[in-house]
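Notes to accompany the following structure.
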Amino acid sequence: MNFKKVAFSLSALTVLFSVTSQTFVDAVEQISSENESSSLYTNEELGMEGLTRTLSAIEHMPDSVINEGKPAIENYLNEQGVGVQTYGASVSNYAACTGAIGYALVTNFTPAKIAKVKSALKAAGGTLTFVKKMSGAYKQLRKLGHSKQSAVKNAAAQAAKAAGPDVKEALLDFFGIATIVGACAPIFEK
115 MNFKKVAFSL
125 SALTVLFSVT
135 SQTFVDAVEQ
145 ISSENESSSL
155 YTNEELGMEG
165 LTRTLSAIEH
175 MPDSVINEGK
185 PAIENYLNEQ
195 GVGVQTYGAS
205 VSNYAACTGA
215 IGYALVTNFT
225 PAKIAKVKSA
235 LKAAGGTLTF
245 VKKMSGAYKQ
255 LRKLGHSKQS
265 AVKNAAAQAA
275 KAAGPDVKEA
285 LLDFFGIATI
295 VGACAPIFEK
């Protein structure tokens with residue numbers, strides 16, 4: 115009789131734990147999923163805000179800073195809170211977009227090219243207008259089956275229609291850098 119009570123108690127506890135643990139696991143997964151989606155939304159907003167802030171820093175960069183060269187440009191970007199990351203961009207790291215842009219400016223662009231990118235942003239109606247136009251164009255191009263690289267370059271071209279050909283070319287060179295494409299494309303995905 116003792117054995118039957120113990121066996122029955124163990125069976126009852128097993129059933130109870132399996133039911134409650136599954137409910138507990140489901141609840142944890144739901145909470146985790148909700149946190150991920152709200153976190154993802156926040157990251158998207160932060161990514162778009164970071165991209166806008168970075169491009170705005172370029173748009174408003176004083177010519178004297180550009181003329182001083184790369185160390186001055188890097189210092190200016192850091193002072194603007196943009197920062198320069200000297201490592202490859204990660205698709206899952208939205209903050210990498212702003213760092214990739216800063217890094218590309220400092221390592222790949224001459225002061226003359228930076229001045230042209232700055233002019234292109236102004237000619238496109240300012241940073242915010244440019245980012246909004248580029249985001250919309252990027253989404254459309256991706257829906258049409260363009261690769262990320264192609265969509266980013268073509269979206270930048272569409273967003274910079276108002277700029278002159280040489281200024282527009284500087285902007286296309288800028289958004290043609292693989293690190294920028296890899297880091298910034300996810301911002302436009304959602």
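Position 42 of the sequence shown, counting from 1, maps to 156 under my numbering, and the rest follow consecutively.
Note that beta-carbon positions come from the ideal geometry of N, C-alpha and C, so glycine has one too.
Hey, how far is the Cα of residue i from the Cα of residue j?
i    : j    : result
L219 : L258 : 30 Å
L165 : N192 : 15 Å
K214 : T241 : Per the sequence shown, residue 214 should be read as Ala rather than Lys. Distance between the alpha carbons of A214 and T241 is about 17 Å.
H174 : A299 : 24 Å
Q144 : E163 : Model confidence at Q144 stands at a pLDDT of 43, short of 50, so the residue's coordinates are unreliable; what they give is reported in the following sentence. In a straight line, the C-alpha of Q144 is about 28 Å away from that of E163.
A237 : K253 : 22 Å
Y190 : T168 : 11 Å
A265 : T224 : 25 Å
G202 : G195 : For G202, the predicted structure reports a pLDDT of 40, less than 50, and the residue's modelled location is therefore unreliable. The matter cannot be settled from this model.
P279 : N181 : 23 Å
A261 : A269 : Before going further, note that residue 261 is Ser rather than Ala in the sequence given. The alpha-carbon atoms of S261 and A269 are separated by roughly 12 Å.
N222 : A277 : 21 Å
DSSP three-state call for residue i: helix, strand or coil?
i    : result
A274 : coil
P279 : helix
P176 : coil
N192 : helix
I215 : helix
S261 : coil
A237 : helix
I291 : coil
D140 : Caution is warranted here: a pLDDT of 42 is assigned to D140, below 50, making its placement in the model unreliable, and no coordinate value can be reported.
G183 : coil
F302 : helix
F244 : helix
T166 : helix
So, using beta-carbon positions, are residue i and residue j closer together than 8 Å?
i    : j    : result
C211 : A297 : yes
F302 : S249 : yes
A271 : L255 : no
K282 : A234 : yes
A229 : D177 : yes
Tell me which residues share the same chain as residue i and place their Cβ nearer than 7 Å to its Cβ, disregarding the 5 neighbours each side in the sequence.
i    : result
K232 : I172, E173 and M175
K267 : L286, F289 and G290
K59  : Lying outside 115 to 304, the shown extent of the chain, residue 59 is not represented and no answer is given.
A284 : K227, K230, V231 and A234
A186 : V179
S170 : T241
K275 : none
For residue i, which residues in the same chain have their Cβ closer than 6 Å to its Cβ, ignoring the five residues on either side in sequence?
i    : result
N149 : Annotation note: pLDDT 40 at N149 (below 50); position unreliable, coordinate value reported separately. Contacts found: none.
F138 : Model confidence at F138 stands at a pLDDT of 36, short of 50, so the residue's coordinates are unreliable; what they give is reported in the following sentence. Hits under 6 Å: none found.
K247 : A273
Q263 : V295
F244 : L235, A238 and A273
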